[in-house]
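Chemist: My questions will all concern the structure given below.
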Ligand SMILES: [Ca+2]
Ligand SMILES: [Ca+2]
Ligand SMILES: [Ca+2]
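Residue numbers (our numbering): 54 to 344.
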C-alpha cells in the first residue's frame with residue numbers, strides 16, 4: 054500500500070512539472086510584459102485623412118494617399134534593469150520595426166505611389182512589483198508605465214513630440230511633457246470610453262524646418278470614423294487658438310473595443326514633399342488607455 058501511495062505522489066509531481074516548470078522571477082516578468090497590452094508599442098498603420106491639396110502659400114501638402122506598411126516585426130526585447138530579487142523591477146521594452154511608407158504626392162486621382170523605407174525603434178519602460186496576493190505570473194504585476202516613444206533607428210530624426218495632453222469635456226485628464234515619465238496603470242493612465250467628448254493636444258519641436266508648413270501632426274487611436282486624423286493649429290474644430298503651436302483634434306470617442314492605445318505622430322514636411330527620396334522622418338508618442 055505504501056508503495057502505491059509513493060508512486061501516485063511521484064506521478065502528481067511529474068505532472069506538476071510538465072504544466073508549470075520552475076520559472077525564475079525573470080521568466081515570469083518576461084512572460085507578464087510580453088503578454089500585456091500596457092507594454093505594446095502601437096503600430097502607426099492605418100489609412101485616414103488624405104488631407105487637402107495644397108493651400109495657397111503652402112509649399113508642401115498632405116499626400117493624395119499615404120500609409121505605413123509593416124515589413125518586419127521582430128519580438129520585443131525586454132531588458133530587466135535590476136535584480137528582481139528586490140521584489141520590484143524596472144523593465145525596458147525595445148521594439149525595432151521595419152516598414153515602408155507608401156506615398157502618392159501627385160494629386161491626380163490615380164494611385165501611383167512611391168515608397169520610403171522606415172526603420173523605427175520604440176522604447177517604453179515599466180515598473181513591475183511582486184505581490185503576495187497576485188495569483189498569476191509568479192506574483193508579478195505591472196504597476197506603472199511610460200508612454201512608448203517612437204524614434205528613427207538611424208540618426209537624422211528632426212521632428213519630435215514635445216507634449217501631449219487629453220481633455221474630457223474641457224477638463225485635463227492626462228498630460229505628458231517627458232516620455233520618460235511613469236504613470237500608474239490603475240489610476241494615472243487616460244480613461245477613454247465610447248462617446249466621451251475628448252480633445253487631444255500636442256506640441257512639436259522641429260530641429261531643422263525647411264518647408265511651410267514645417268511638419269504634419271497626426272492623431273491615432275479610437276478616433277471618429279477611422280483611426281488616423283490630421284491635427285490642426287488653425288483655431289477651428291476644437292483648436293482653441295490659431296498658430297499658437299498647439300495642434301488639436303476633438304472628437305467623440307469610438308471603437309475602444311479595437312484600440313488599446315492613443316498616439317500622436319509628427320511627420321516632417323520633407324517626407325511629404327516628394328515620393329522618391331529616402332528621407333522618412335517621424336516621431337511619435339503612444340500611451341495605453343483605460344476604458
Ligand atoms: Ca496620384
Ligand atoms: Ca492651436
Ligand atoms: Ca527631416
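Even glycine gets a Cβ: it sits at the ideal position worked out from N, Cα and C.
Throw me the rounded Cβ distance for the residue 97 and residue 333 pair, which I believe falls under 8 Å.
Modeler: For the purposes of this step, residue 97 is identified with residue 44 of the chain shown, where counting begins at 1. For the purposes of this step, residue 333 is identified with residue 280 of the chain shown, where counting begins at 1. Not confirmed; about 12 Å, so no contact.
Chemist: Count the other CB atoms, across all protein chains shown, that sit within 10 Å of the CB of residue 59; report buried if there are 16 or more and exposed otherwise.
Modeler: Translated into the one-based positions of the chain shown, residue 59 becomes position 6. Confidence at residue 59 is low in this model, with a pLDDT of 40, below 50, so the placement of that residue is unreliable and no value is reported for it.
Chemist: Identify which residue in 128, 137, 162, 165 has its Cα closest to the Cα of residue 357.
Modeler: Only positions 54 to 344 of the chain appear in this structure, which leaves residue 357 out of reach.
Chemist: May I have the straight-line CA-CA distance separating residue 178 from residue 147, to the nearest angstrom?
Modeler: Counted from its first residue, the chain shown places residue 178 at position 125. Counted from its first residue, the chain shown places residue 147 at position 94. Rounded to the nearest angstrom, the two C-alpha atoms are 9 Å apart.
Chemist: Tell me whether the beta-carbon of residue 242 lies closer than 8 Å to the beta-carbon of residue 344.
Modeler: On the chain shown, residue 242 is found 189 positions in, with the first residue counted as 1. On the chain shown, residue 344 is found 291 positions in, with the first residue counted as 1. Not a contact, by the Cβ cut-off of 8 Å.
Chemist: To the nearest angstrom, how far is it from the Cα of residue 169 to the Cα of residue 327?
Modeler: Looking up residue 169 in the chain shown gives position 116. Looking up residue 327 in the chain shown gives position 274. Roughly 10 Å between the two C-alpha positions.
Chemist: Tell me, to the nearest whole angstrom, how far the beta carbon of residue 191 is from that of residue 78; I am working on the premise that it is less than 8 Å.
Modeler: By 1-based counting over the chain shown, the position of residue 191 is 138. By 1-based counting over the chain shown, the position of residue 78 is 25. About 6 Å; that satisfies the 8 Å criterion.
Chemist: What number of angstroms, rounded off, separates the C-alpha of residue 89 from the C-alpha of residue 82?
Modeler: Residue 89 sits at position 36 when you count from the first residue of the chain shown. Residue 82 sits at position 29 when you count from the first residue of the chain shown. Their backbone Cα atoms lie some 11 Å apart in a straight line.
Chemist: For residue 331 and residue 120, I'd like the C-alpha separation in whole angstroms.
Modeler: Translated into the one-based positions of the chain shown, residue 331 becomes position 278. Translated into the one-based positions of the chain shown, residue 120 becomes position 67. Straight-line Cα distance between these residues: approximately 15 Å.
Chemist: Classify residue 132 as buried or exposed, calling it buried when 16 or more other Cβ atoms lie within 10 Å of its own Cβ.
Modeler: Numbered from 1 along the chain shown, position 79 holds the residue referred to as residue 132. By the neighbour-count rule (16 or more Cβ atoms within 10 Å), residue 132 is not buried but exposed.
Chemist: Which value, in whole angstroms, describes the spacing of the CA atoms of residue 173 and residue 125?
Modeler: Taking the first residue of the chain shown as position 1, residue 173 is located at position 120. Taking the first residue of the chain shown as position 1, residue 125 is located at position 72. Spanning the two alpha carbons is a distance of roughly 11 Å.
Chemist: Taking only the alpha-carbon atoms, compute the straight-line gap between residue 67 and residue 87 and give it to the nearest angstrom.
Modeler: In the chain shown, the residue the question calls residue 67 occupies position 14. In the chain shown, the residue the question calls residue 87 occupies position 34. Since pLDDT at residue 67 reaches only 43, below the 50 mark, its modelled position is unreliable, and no value is offered.
Chemist: Just to confirm my understanding: we take residue 325, look at its own chain, exclude 5 residues before and 5 after, and list those with CB closer than 8 Å. What are they?
Modeler: The residue given as residue 325 occupies position 272 in the chain shown. Counting only Cβ-Cβ distances below 8 Å, and skipping sequence neighbours, we find 113, 114, 115, 116, 119, 156, 158, 269.
Chemist: What residue range does the alpha helix (DSSP H) around residue 82 cover?
Modeler: The sequence position of residue 82 within the chain shown is 29, counting from 1. That run of the alpha helix (DSSP H) goes 78 to 87.
Chemist: To the nearest whole angstrom, what separates the beta carbons of residue 202 and residue 194, a pair I think is in contact under 8 Å?
Modeler: As a first step, residue 202 must be located in the chain shown, where it is residue number 149. As a first step, residue 194 must be located in the chain shown, where it is residue number 141. The pair is not a contact, with the Cβ atoms about 24 Å apart (cut-off 8 Å).
Chemist: Determine the extent of the alpha helix (DSSP H) in which residue 250 is found, giving its start and end residues.
Modeler: Within the chain shown, residue 250 is the residue found at index 197, counting from 1. No alpha helix (DSSP H) contains residue 250, which is instead part of the beta strand (DSSP E) from 250 to 259.
Chemist: Suppose the cutoff is 7 Å on Cβ atoms and the five residues either side in sequence are ignored; what does the same chain contact list for residue 247 look like?
Modeler: Along the chain shown, one-based indexing puts residue 247 at 194. 306, 307, 309.
Chemist: Going by Cα to Cα distance, which pick from 141, 85, 223 is closest to residue 301?
Modeler: By 1-based counting over the chain shown, the position of residue 301 is 248. Looking at the Cα atoms, 223 is the closest of the given residues.
Chemist: Taking 8 Å as the cut-off, does the stretch 256 to 273 touch the stretch 281 to 299 (at least 3 CB pairs, one atom from each stretch)?
Modeler: Touching, yes.
Chemist: Hey, is residue 330 close to ligand 3, as in C-beta under 7 Å from one of its heavy atoms?
Modeler: Working through the chain shown from its first residue, we reach residue 330 at position 277. No, the beta carbon of residue 330 sits no closer than 7 Å to any heavy atom of ligand 3.
Chemist: What's the gap between the Cα of residue 264 and the Cα of residue 278?
Modeler: Along the chain shown, read from residue 1 onward, the residue named residue 264 stands at position 211. Along the chain shown, read from residue 1 onward, the residue named residue 278 stands at position 225. Spanning the two alpha carbons is a distance of roughly 30 Å.
Chemist: DSSP on residue 325, reduced to helix/strand/coil?
Modeler: For the purposes of this step, residue 325 is taken as the residue at position 272 of the chain shown. Reduced to three states, the DSSP call for residue 325 is helix.
Chemist: Measure the C-alpha to C-alpha separation of residue 166 and residue 231 and round it to an integer number of angstroms.
Modeler: Indexing the chain shown from 1 puts residue 166 at position 113. Indexing the chain shown from 1 puts residue 231 at position 178. If I take the Cα positions, the gap works out to 36 Å.
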